[in-house]
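Using the working numbering, the first residue of the sequence shown is number 39, and each one after it goes up by one.
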Amino acid sequence: MTQSRNHSLPRKTSDGFTIVEMIVAVTVSTFMLVAIVGFIVTLIQQYGVSSQRNTLTTNLQAATSRINDDIRKSVAVLPTNQTDDPNGPSPTTRWSSKVDQLVLGQKPTLADGTLIDTEALDSVVYYLKERSLYRRVVAASTTPPNSISTITCGTTANGCPDDVRVVENVDSIAFTYRNNANAVISYSPNAVTNVSFAIKLTTEQSGQTIESSGKSSMTLRQQTLTYNRTPLSVGSGGLLVNKMNMNVQPNADLTVKGRINWGSAGAAAYIYTLGTASQPIRNLAVAGIACGTGSSFPTQCASPTIISGAASKITTQNLCAPAHTGSLINPTIATSTNTAPTRTCDSAAYDLPAFNREAFYNKMNQPAVNGTRVCGAAQTCSLEANTIYNGDIGGGSGFPSVPNRAKWEIKGDIYVRGNFGNAGLGASSVASFEEYKVADGITKRPVVVIEKQFWIILGSVVPNDKGITPIFISYYTQSNPSCSSDPSCSTLTPAQAAQEANNTDPNNHAVRYGTTSGDTYGNFSGSLYSYFGRVSINIWFGGTFTGTVAGQSVLLQGSNNTTSATFNMTNEPWPN
39 MTQSRNHSLP
49 RKTSDGFTIV
59 EMIVAVTVST
69 FMLVAIVGFI
79 VTLIQQYGVS
89 SQRNTLTTNL
99 QAATSRINDD
109 IRKSVAVLPT
119 NQTDDPNGPS
129 PTTRWSSKVD
139 QLVLGQKPTL
149 ADGTLIDTEA
159 LDSVVYYLKE
169 RSLYRRVVAA
179 STTPPNSIST
189 ITCGTTANGC
199 PDDVRVVENV
209 DSIAFTYRNN
219 ANAVISYSPN
229 AVTNVSFAIK
239 LTTEQSGQTI
249 ESSGKSSMTL
259 RQQTLTYNRT
269 PLSVGSGGLL
279 VNKMNMNVQP
289 NADLTVKGRI
299 NWGSAGAAAY
309 IYTLGTASQP
319 IRNLAVAGIA
329 CGTGSSFPTQ
339 CASPTIISGA
349 ASKITTQNLC
359 APAHTGSLIN
369 PTIATSTNTA
379 PTRTCDSAAY
389 DLPAFNREAF
399 YNKMNQPAVN
409 GTRVCGAAQT
419 CSLEANTIYN
429 GDIGGGSGFP
439 SVPNRAKWEI
449 KGDIYVRGNF
459 GNAGLGASSV
469 ASFEEYKVAD
479 GITKRPVVVI
489 EKQFWIILGS
499 VVPNDKGITP
509 IFISYYTQSN
519 PSCSSDPSCS
529 TLTPAQAAQE
539 ANNTDPNNHA
549 VRYGTTSGDT
559 YGNFSGSLYS
569 YFGRVSINIW
579 FGGTFTGTVA
589 GQSVLLQGSN
599 NTTSATFNMT
609 NEPWPN
């Protein structure tokens, strides 16, 4: 008989974990917890970094779009804000276009967005302050009223509350300026057609430096003549003043790339002035870049750059004459903020207005008129808009013959492939007593481009019923006649430029105007520009010239027997 046995499982000695098991479990759990926490922290940090990077990128795109939009709407890069800003940078209360700062000129508008047809421009300023880029608008005063007004304050550490903070966390911004040929140029306002910029934003997040950067480029509105707010702008040939009182309107800036040579007075008691204590020049810049010969022209001249003259006085708020050393006593220089010349100046201040003659020529779309245009005695004759005139205009009578009294109406932009005014008569002493005026009703200043000489001797240029006056630009050059007659020619060789700058023969001056108060045909209102040569203005017996002048050299000559010859410089020289 088989005997059965009962077998049972061993009994546990404990219902929990052993100490070893617990240590192992805690250790593993701790490592897992640390890993999970680390992963979560890293995830949060990466999210923060990614979020900040996205924010920087979004802000960068918005800022780029804002700047591009302003450039696209602008008609010019301005050297400085056109209207004074009471809270602008000291001492001149002006902002200036440079590598890290941009001043744009935009057409003012009515409340409904309609453009105001005026030469005044709103100044849109982009400036950096404490790693933030701000946008400020300095509004122009216009009639009819501008839709905006200037409300500014000082730029404190946090900027100005009335300005728009375009973007913050700006590490750097750099503006690049290009001309029509897409060549990079210095921050000169007179030739800029395109503005590009590079901007970089940076910030710190979770111990990391995060950055977002970008580049962009935008072309300004198409224009023929770049805006220049300087009523008297002179190249390397310099400014020669003799027996002349020169008055300036408020906020006028005068620039001379060469020297100022103040001639002798007609009598010892006469004091001839440039600016007055009550109405001084705002900024007078004199570079003294007028020396050298041939290919070395123009180079910096030795001091002085403001040449001594008898019985003369210049009154300016700020003087920029970096190459001038020594005494400023003769001529007397009166400044409200400087007792000695400022030694550093923006080189762009000496640029003459840039004009695209070829584009202007190509836009003439009316049938050309051939032959000399002469207006009969006491007749009124028209010069039609957008027309090329293949011959001389004016010069219907010669002095001292019976005055012609012809009246010319300029109906718009014209291109003259000959002489204008008295120049066709062939001598500097002839006069026709003709009147030139923009046709009544026109509200935009017409430009008259002349390939040869512009002379009006004892004639007059007067405003129309809207106060509009013409702009005359002569391309005459004795040193290179083929350039004068070629619309695509815009530069001379250094040797040719030196010849033009030193040309003292009045019969070879590109632009000449002579006036007297002895006849109603004797005053000028408008703008004269000699692109390559000299502008010569002679005011006899108390006549007046009211307007603006630009040229490679400028001669302002009064009469020996009067102290009242007056050159009135206005504040609206060159429209867009």
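Ideal Cβ positions, reconstructed from N, Cα and C, are used throughout, including at glycine.
Problem set entry | Exposure label - Arg411; buried when at least 16 CB within 10 Å | On the sequence shown, position 373 is the one that residue 411 refers to. Buried, since its Cβ has 16 or more Cβ neighbours within 10 Å.
For this session: Have a look at the DSSP bridge pairing and note the partners of Asp291.
Result: For the purposes of this step, residue 291 is taken as the residue at position 253 of the sequence shown. Asp291 pairs with Asn321.
For this session: Would you mind listing the alpha helix (DSSP H) stretches within the region 148–182 that are 4+ residues and don't spill past its ends, in chain order?
Result: Taking only runs of at least 4 residues, no alpha helix (DSSP H) segment lies wholly in the region 148–182.
For this session: Tell me, please, which residues DSSP counts as bridged to Phe69.
Result: Locating residue 69 in the sequence shown gives position 31, counting from the first residue. DSSP, once it has assigned bridges, lists no residue as partnering Phe69.
Exercise. In chain order, what residues of the same chain lie with their CB nearer than 6 Å to the CB of Asn7, ignoring the 5 residues before and after it?
Worked result: Since the first residue of the chain shown is 39 and the last is 614, residue 7 is not available in this structure.
Problem set entry | Range covered by the alpha helix (DSSP H) that runs through Ala315 | By 1-based counting over the sequence shown, the position of residue 315 is 277. Where Ala315 is concerned, there is no enclosing alpha helix (DSSP H), given that its DSSP letter is neither H nor E.
Exercise. Taking the alpha helix (DSSP H) that Glu422 falls in, what are its first and last residues?
Worked result: Numbered from 1 along the sequence shown, position 384 holds the residue referred to as residue 422. Unbroken run through Glu422: none, as it is neither H nor E.
Problem set entry | Tyr551 - partner residues in DSSP beta bridges | Within the sequence shown, residue 551 is the residue found at index 513, counting from 1. Paired residue(s): Ile494 and Ile575.
Exercise. So what does DSSP say about Thr214, is it helix, strand or coil?
Worked result: Locating residue 214 in the sequence shown gives position 176, where the first residue counts as 1. In the structure shown, Thr214 adopts extended strand secondary structure according to DSSP, grouped into three states.
Problem set entry | Spatial neighbours of Ala177 in its chain, beta-carbon cut-off 6 Å, leaving aside the 5 residues before and after | As a position in the sequence shown, residue 177 is number 139, starting the count at 1. So the qualifying residues of the chain are Asp160, Asn184, Ile186, Ser187 and Thr188.
For this session: Return the Cβ separation of Trp133 and Gly126 in integer angstroms, given the expectation that the two are a contact with Cβ distance under 8 Å.
Result: Along the sequence shown, one-based indexing puts residue 133 at 95. Along the sequence shown, one-based indexing puts residue 126 at 88. Contact flag correct, Cβ pair sits at about 6 Å.
Exercise. So which of Pro146, Gly589, Arg259 and Met607 has the shortest CA-CA distance to Val294?
Worked result: As a working mapping, residue 294 is identified with position 256 in the sequence shown. Nearest option by C-alpha distance: Gly589.
Problem set entry | Met607 - partner residues in DSSP beta bridges | Position 569 of the sequence shown, counting from 1, holds the residue named residue 607. BP columns for Met607 point to Val286 and Gly585.
Exercise. Excluding five sequence neighbours on each side, which residues of the same chain lie with their C-beta closer than 6 Å to the C-beta of Val549?
Worked result: Counted from its first residue, the sequence shown places residue 549 at position 511. Phe492, Ser512, Leu566, Ser568 and Val573.
Exercise. Tell me which same chain residues have a C-beta within less than 6 Å of the C-beta of Gln417, skipping the five on either side of it?
Worked result: For the purposes of this step, residue 417 is taken as residue 379 along the sequence shown, with counting starting at 1. Closer than 6 Å at Cβ, skipping near neighbours: Ala444.
For this session: Pick out whichever of Gln534, Phe69 and Ser234 has its Cα sitting closest to the Cα of Phe335.
Result: What you label residue 335 is simply residue 297 of the sequence shown in a count that begins at 1. Shortest Cα-Cα distance from Phe335 to any of Gln534, Phe69 and Ser234 involves Gln534.
For this session: Determine the direct distance from the alpha carbon of Ala361 to that of Arg104, and round the result to whole angstroms.
Result: Here the question's residue 104 lines up with position 66 in the sequence shown. Here the question's residue 361 lines up with position 323 in the sequence shown. The alpha-carbon atoms of Arg104 and Ala361 are separated by roughly 40 Å.
Problem set entry | Three-way DSSP call (helix, strand, coil) for Ser112 in this model | In the sequence shown, residue 112 corresponds to position 74, counting from 1. Ser112 falls in the coil class under three-state DSSP.
For this session: List the endpoints of the continuous beta strand (DSSP E) containing Arg203.
Result: The sequence position of residue 203 within the sequence shown is 165, counting from 1. Per DSSP, Arg203 belongs to the beta strand (DSSP E) from Val202 to Glu206.
For this session: Note down the Cα distance separating Gly556 from Asp123, rounded to an integer number of angstroms.
Result: Reading the sequence shown from its first residue, position 518 is the one you call residue 556. Reading the sequence shown from its first residue, position 85 is the one you call residue 123. Unreliable placement is indicated for Gly556, whose pLDDT of 46 sits below 50; the coordinate value is still reported in the next sentence. One C-alpha to the other measures close to 42 Å.
For this session: Please state if the CB of Ser528 and the CB of Glu396 are separated by a distance shorter than 9 Å.
Result: Within the sequence shown, residue 396 is the residue found at index 358, counting from 1. Within the sequence shown, residue 528 is the residue found at index 490, counting from 1. Yes, the Cβ-Cβ distance between Glu396 and Ser528 is below 9 Å.
For this session: Could you tell me the distance, in whole angstroms, from the CA atom of Glu3 to the CA atom of Gln516?
Result: With the chain covering 39 to 614 only, the question about residue 3 has no answer from this structure.
Problem set entry | Neighbourhood of Phe510 by C-beta distance below 6 Å, restricted to the same chain and skipping five residues each side | Counting from one through the sequence shown, the residue named residue 510 turns up at place 472. So the qualifying residues of the chain are Val486, Phe492 and Leu566.
For this session: Check Ala340 in the structure and name its three-state DSSP category.
Result: Residue 340 sits at position 302 when you count from the first residue of the sequence shown. Ala340 falls in the coil class under three-state DSSP.
For this session: Return the bridge partner residues of Ala236 from the DSSP annotation.
Result: Taking the first residue of the sequence shown as position 1, residue 236 is located at position 198. In the DSSP output, where bridge partners are listed per residue, Ala236 has Ala212 and Lys253.
Exercise. Per DSSP, what kind of secondary structure is Ile105 in: helix, strand or coil?
Worked result: As a first step, residue 105 is located in the sequence shown; it is residue number 67 there, counting from the start. Here Ile105 sits in helix by DSSP.
Exercise. Among Tyr514, Ile494, Ser498 and Gly479, which one has its Cα closest to the Cα of Lys618?
Worked result: The shown model of the chain, from 39 to 614, leaves out residue 618, and the question about it has no answer.
For this session: Please confirm whether Ser591 and Ala539 have their CB atoms less than 9 Å apart.
Result: Along the sequence shown, read from residue 1 onward, the residue named residue 591 stands at position 553. Along the sequence shown, read from residue 1 onward, the residue named residue 539 stands at position 501. In this structure, Ala539 lies closer than 9 Å to Ser591 by Cβ.
Problem set entry | C-beta atoms of Gln139 and Leu116 nearer than 9 Å | Mapped onto the sequence shown, residue 139 falls at position 101. Mapped onto the sequence shown, residue 116 falls at position 78. No.
Exercise. Is DSSP giving Ala307 helix, strand or coil here?
Worked result: Mapped onto the sequence shown, residue 307 falls at position 269. In this prediction, Ala307 has a pLDDT of 43, which is less than 50 and means its spatial position is unreliable; what the coordinates show is noted afterwards. Residue state, collapsed to three classes: coil.
Exercise. Taking the Cβ atom as the reference point for each residue, do Asp507 and Pro269 lie within a distance shorter than 9 Å?
Worked result: For this step, residue 507 is matched to residue 469 along the sequence shown. For this step, residue 269 is matched to residue 231 along the sequence shown. According to the sequence shown, residue 507 is Thr rather than Asp. Against a cut-off of 9 Å, the Cβ pair of Pro269 and Thr507 comes out as no contact.
Problem set entry | Simplified DSSP state of Ile367, which is helix, strand or coil | Residue 367 sits at position 329 when you count from the first residue of the sequence shown. Any answer about Ile367 is weak, because its pLDDT of 41 lies below 50 and its placement is not dependable; what the coordinates show is given next. Looking at Ile367 - three-state DSSP - the assignment turns out to be coil, as it is neither helix nor strand.
Problem set entry | Supposed contact pair Thr337 and Ile352 - C-beta distance, whole angstroms, cut 8 Å | The sequence position of residue 352 within the sequence shown is 314, counting from 1. The sequence position of residue 337 within the sequence shown is 299, counting from 1. With 8 Å as the limit, Ile352 and Thr337 do not qualify as a contact, their Cβ atoms being about 25 Å apart.
Exercise. To which residues of the same chain is Pro146 closer than 6 Å at the C-beta, ignoring the five residues directly before and after it?
Worked result: Here residue 146 refers to the residue found at position 108 of the sequence shown. Cβ neighbours of Pro146 beyond the five flanking positions: Ile154, Asp160, Ala178, Thr180 and Asn184.
For this session: Can you tell me the Cβ-Cβ gap for Ser563 and Gly596, rounded? I've got them flagged as a contact below 8 Å.
Result: Mapped onto the sequence shown, residue 563 falls at position 525. Mapped onto the sequence shown, residue 596 falls at position 558. No, Ser563 and Gly596 are not in contact; Cβ-Cβ is about 18 Å, not under 8 Å.
Problem set entry | Whether Val137 touches Phe213 by CB criterion (9 Å) | Position 99 of the sequence shown holds residue 137. Position 175 of the sequence shown holds residue 213. A contact, by the Cβ cut-off of 9 Å.
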